[in-house]
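K.L.:
Residue numbers (my numbering): 188 to 549. Where a beta carbon is used, it is the ideal one built from N, C-alpha and C, also for glycine.
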Ligand SMILES: *Cc1c(COP(=O)(O)O)cnc(C)c1O
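What follows is the structure in structure tokens.
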């Protein structure tokens with residue numbers, strides 16, 4: 188038997204995650220200068236990173252001989268959330284945390300539920316744990332909670348939900364979501380991925396951490412990759428019961444978050460000015476892009492995140508033409524949405540570049 192055949196069949200069956208095209212790769216492919224390229228493909232923060240996080244990271248550079256110490260960040264998150272440190276699990280990006288949850292609860296013979304058009308990491312974490320993924324048909328591109336509840340099987344151990352959802356930007360009202368979480372059997376884990384939580388208008392936000400006391404099977408995940416602008420440092424976290432956190436910590440690599448990420452994240456958490464500026468830029472940019480898409484006659488899915496998904500007659504061709512003009516957006520073929528493209532909200536200038544390039548591409 189070949190080495191390939193000796194690998195785990197459920198690993199062989201997985202298609203690798205497809206990241207947004209890196210700027211340098213497009214520069215090489217098209218012979219463009221790096222600074223001519225606008226990347227709006229990975230929901231990164233167009234303002235870059237918090238200057239306070241940068242300073243903290245640079246300071247932390249002086250002490251890289253030491254193994255990481257996660258005390259300060261966990262303490263800061265405990266203060267922010269009102270939860271004890273024993274209920275917080277840090278990850279090398281929240282993707283790491285999602286993988287930890289899957290490793291604790293999923294295995295061959297078990298299943299996990301996610302929505303059609305859910306974040307690609309949910310099927311990936313499910314399948315690489317050897318479990319079966321149950322994709323539940325979307326409703327208006329979002330989660331159909333009733334159908335997800337009905338899809339529960341005796342072997343189902345986990346339900347993945349993103350709110351707002353990526354790549355569709357759909358949002359589940361909190362009263363409905365809370366009733367759903369309460370209706371899930373206590374021995375099935377519900378993962379509530381809140382990567383885009385900070386982009387919700389304050390009036391729409393809800394402190395879901397308050398639900399943890401009534402539903403200890405809930406795991407809330409958040410990230411520093413989006414509004415905090417630290418995607419390249421890889422840091423995120425889970426908030427859950429002390430019991431689930433303890434289990435996750437058993438599979439977690441002892442030093443999964445590095446010194447620079449820990450220091451920068453703690454500083455970013457306190458940079459309210461940067462977060463507010465990022466939020467405001469996203470609001471105005473969303474209006475600008477949605478207005479532009481309407482002008483161009485493109486249907487879009489109303490989004491609650493820092494991106495918007497829109498339809499064009501020939502998404503493959505439109506994407507090729509955008510790339511030729513140095514504009515990187517995200518094709519959604521891998522999500523089963525071949526007619527759609529997802530664009531991240533950029534700066535005003537980047538949004539203008541995108542809209543002009545799109546107009547020329549249609
Ligand atoms: C971007 C994103 C994340 C964040 O992933 P990190 O590993 O923290 O960078 C998590 N969930 C969803 C749905 C996302 O879109």
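Are at least three pairs of beta-carbons, each pair with one atom in the stretch 199-207 and one in the stretch 384-402, less than 8 Å apart?
P.N.:
Contact between the stretch 199-207 and the stretch 384-402 is absent, with fewer than three C-beta pairs closer than 8 Å.
K.L.:
Within 10 Å of its beta-carbon, does residue 481 have 16 or more other beta-carbons around it, so buried, or fewer, so exposed?
P.N.:
exposed
K.L.:
Less than 8 Å between the C-beta atoms of residue 263 and residue 399, yes or no?
P.N.:
For residue 263 and residue 399, no; Cβs fall outside 8 Å.
K.L.:
For residue 537 versus residue 227, is the C-beta spacing smaller than 8 Å?
P.N.:
The answer is yes: Cβ separation under 8 Å.
K.L.:
Can at least three beta-carbon pairs, one atom from the stretch 220-238 and one from the stretch 510-528, be found at a separation below 8 Å?
P.N.:
yes
K.L.:
How would you call residue 188, buried or exposed, if buried means at least 16 neighbouring beta carbons within 10 angstroms?
P.N.:
Exposed: under 16 other Cβ atoms inside 10 Å.
K.L.:
Among the candidates 532, 371, 246 and 511, whose CA atom is the shortest distance from the CA of residue 465?
P.N.:
532
K.L.:
Could you give the C-beta distance for residue 448 and residue 422, rounded to a whole number, given that I count them as a contact under 8 Å?
P.N.:
4 Å
K.L.:
Which class does residue 345 belong to by DSSP, given the choice of helix, strand or coil?
P.N.:
Residue 345 falls in the strand class under three-state DSSP.
K.L.:
Please determine whether the Cβ atom of residue 328 lies at a distance below 7 Å from any heavy atom of ligand 1.
P.N.:
no
K.L.:
So is residue 442 buried or exposed if we call it buried at 16+ other beta carbons inside 10 Å?
P.N.:
exposed
K.L.:
Which residues in the same chain have their Cβ closer than 7 Å to the Cβ of residue 342, if we skip the five residues on either side of it in sequence?
P.N.:
So the list reads 296, 297 and 298, once near-sequence residues are dropped.
K.L.:
Closer than 7 Å: is that where the CB of residue 380 sits relative to any heavy atom of ligand 1?
P.N.:
yes
K.L.:
So, helix, strand or coil for residue 340, using DSSP?
P.N.:
Collapsing the DSSP output to three states places residue 340 in coil.
K.L.:
Would you call the stretch 494-501 and the stretch 521-530 touching, i.e. three or more CB-CB distances under 8 Å?
P.N.:
yes
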